[in-house]
C-alpha cells in the first residue's frame with residue numbers, strides 16, 4: 001500500500017471518528033435524542049407567582065413528563081404570570097379542562113416543575129386551551145415569614 | 158536611564174509591529190482557500206500531520222480527565238447524597254469547558270509547536286524563498302493548507318475528547334463506584350441542552366483552532382531564520398497559544414453562558 005493511500009485512509013478515519021463523537025454528544029449526552037419536536041400543542045396557565053420556574057422546565061402528570069414550559073411572560077393587565085406549556089401531541093384532547101396546575105419543586109432544593117392533577121370534566125383541553133385552576137410556587141421566604149409572624153401572634157396572646 | 162526607556166519603547170513597538178504583521182498575514186491565509194479548493198491533496202496531507210497524529214494524545218488525555226472527573230465528582234457529590242448528578246457534572250464540565258480548552262492546549266503543544274518548527278526551518282533553509290523563485294506563492298501553498306487543517310481538526314478533536322471523557326466518567330462512576338446507570342445517562346440528557354451546551358462548545362473549539370493555528374503559522378513564518386530563532390519561535394507559539402486560549406475562553410464563556 002503506498003503512502004498516499006495510507007494518508008487518505010487515516011484522514012478518512014479521523015473525520016469519521018470526529019463526526020461519530022459529535023453525533024454521540026448530540027444524541028447520547030444532550031437532550032437532542034430525547035427531544036420531541038413539532039408534535040406539540042400549547043396550553044396556557046396563569047399563576048400569581050411562578051417562583052423560580054424556568055423555560056424548558058418539565059410539565060408532569062402523575063410524575064410522568066408530558067411536556068415542557070415553552071414560554072413565560074408577565075401580563076400587566078391582571079398582574080399575573082402567563083406560562084405557555086408545550087404538551088406532546090399524543091395527549092391532545094386527553095387532559096380534562098378542569099385540571100389543576102401546580103408549581104412544585106423536585107426535592108428540597110431541586111428544579112421547579114409544573115404538576116398537573118387531572119380533573120373530572122368531560123371537556124378536554126385543546127390546542128390553545130387555558131387551565132384556570134392554578135396554585136403558585138411555594139416561596140420559601142414567604143413561608144418562613146408566615147411562620148415567624150404566626151409565632152409572634154402566639155407570643156402576643 | 159534613557160537607554161532603558163528606549164529599550165522599553167523598542168520592545169513595545171516591536172510587539173505592535175508583530176501584532177500588525179500577524180493580522181496582515183490573515184488575508185493571504187484566507188485567500189489561500191482558493192488554491193486549496195483547486196488542490197485538496199495539500200489539505201489532506203496536513204490533516205494527517207496536524208489532526209491524525211494528535212488523536213493519540215487526545216484519546217489518552219480525554220479518557221483520564223473523564224475518569225478523574227468521575228472520581229472527584231463522586232466524592233464531593235456523595236457528601237450531599239447527589240451521586241445521581243455525576244453524569245451531568247462530568248458531561249457539563251467536559252462539553253462546556255474542559256473539552257475545548259484542554260484540546261486546544263494539547264493541540265498547541267503537540268501540533269502548533271511542530272507547525273512552527275517546520276515552517277521556521279523551511280524559512281531558515283530558504284525553501285520558502287525557493288518556492289517564490291519558482292513563482293509559487295508560499296503563503297498559499299505552504300501556510301494556508303496548514304491553517305485550514307488546524308481549523309478543521311480542533312473541533313473534531315475536541316468532540317473526541319468530550320466523548321472519551323464522558324466514557325471515562327461512566328467507566329469510573331458506573332463501573333467502579335456503582336452509580337446507577339439510568340440516573341447517570343438520564344441526568345446528563347436532561348441537563349445538557351444541545352444548542353446551549355454542545356453547539357457553544359463546538360463554536361469555542363473552532364475559535365481556539367483558528368487562534369492556535371494562526372499563532373503557530375505566524376510564529377514560524379515570522380521567525381528569525383537561525384536555529385536559535387526557530388527554537389524561540391516554537392517556545393513563543395506554545396506560550397502565546399496557551400495564554401490566548403485561556404483568555405479567550407473567559408471572554409467566550411462570559412458571552413455564551415453569562
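Protein chains in written order, with the working numbering: chain A, 1 to 157; chain D, 158 to 415. Idealized CB from N, CA, C, for every residue including glycine. As the structure is a prediction and not an experimental result, all values here were calculated from the model.
Item	Value
Enclosing beta strand (DSSP E) for residue 85 of chain A [first to last residue]	80–88
Nearest-angstrom Cα separation, counted from residue 76 of chain A out to residue 403 of chain D	45 Å
Residue span of the alpha helix (DSSP H) that contains residue 148 of chain A, given as start and end	140–156
Straight-line Cα distance separating residue 296 of chain D from residue 191 of chain D	12 Å
Cβ neighbours of residue 185 of chain D in the same chain (closer than 8 Å, five flanking residues each side left out)	294, 296, 297, 300 and 301
DSSP bridge partner residues for residue 124 of chain A (one or two, in chain order)	A:96
Under the three-state DSSP convention, the category residue 292 of chain D falls into	coil
Proximity of residue 318 of chain D and residue 243 of chain D at Cβ, strictly below 9 Å	no
Distance between beta carbons of residue 372 of chain D and residue 248 of chain D, contact taken as under 8 Å	The Cβ separation is near 30 Å, so there is no contact.
Below-9 Å beta-carbon distance, residue 261 of chain D vs any chain A residue	no
Simplified DSSP state of residue 114 of chain A, which is helix, strand or coil	strand
Bridge-paired residues (DSSP) for residue 73 of chain A	A:82
Residue 45 of chain A (DSSP reduced to helix, strand or coil)	strand
The region 205–224 of chain D: positions lying closer than 8 Å to chain A by Cβ	205, 208, 209 and 212
Closest Cα partner of residue 182 of chain D within the set D:270, D:233 and D:304	D:304
Euclidean distance between Cα positions of residue 84 of chain A and residue 357 of chain D	26 Å
Delimiting residues of the beta strand (DSSP E) encompassing residue 58 of chain A	58–61
Per-residue contacts from residue 240 of chain D into chain A (C-beta, under 8 Å)	What residue 240 of chain D touches in chain A: nothing, since even the nearest Cβ is about 14 Å away.
Between the CA atoms of residue 352 of chain D and residue 410 of chain D - distance to the nearest angstrom	14 Å
Cβ pair residue 133 of chain A, residue 81 of chain A closer than 9 Å	no
Which listed residue (A:116, A:114 and A:68) has its alpha carbon closest to that of residue 347 of chain D	A:68
Cutoff 9 Å: residue 11 of chain A Cβ touching any chain D Cβ	yes
Minimum C-alpha distance to residue 119 of chain A - residue among A:138, A:95 and A:129	A:95
Chain-ordered chain D contacts of residue 2 of chain A [CB-CB under 9 Å]	What residue 2 of chain A touches in chain D: nothing, since even the nearest Cβ is about 13 Å away.
Residues in the region 176–195 of chain D having any Cβ partner in chain A nearer than 9 Å	none
Secondary structure of residue 368 of chain D, DSSP reduced to three states	helix
Distance between beta carbons of residue 215 of chain D and residue 260 of chain D, contact taken as under 8 Å	6 Å
Buried/exposed call for residue 144 of chain A, threshold 16 Cβ in 10 Å	exposed
In DSSP terms, what residue 360 of chain D is bridged to	None; residue 360 of chain D has no bridge partner.
Residues sharing a beta bridge with residue 376 of chain D, DSSP	For residue 376 of chain D, which the question treats as bridged, DSSP gives no partner whatsoever.
Cβ pair residue 44 of chain A, residue 129 of chain A closer than 9 Å	yes
Reduced DSSP secondary structure (H/G/I, E/B, other) of residue 119 of chain A	coil
Classification of residue 280 of chain D by the beta-carbon crowding that lies within 10 angstroms, buried from 16 upward	buried
Close-in-space but distant-in-sequence residues of the same chain around residue 269 of chain D (CB under 6 Å, 5 per side omitted)	369, 373, 394 and 398
CA-to-CA distance, residue 354 of chain D to residue 420 of chain D, given in whole angstroms	Limits of chain D in this structure are 158 at one end and 415 at the other, which puts residue 420 of chain D out of reach.
Coil, strand or helix - residue 134 of chain A by DSSP	strand
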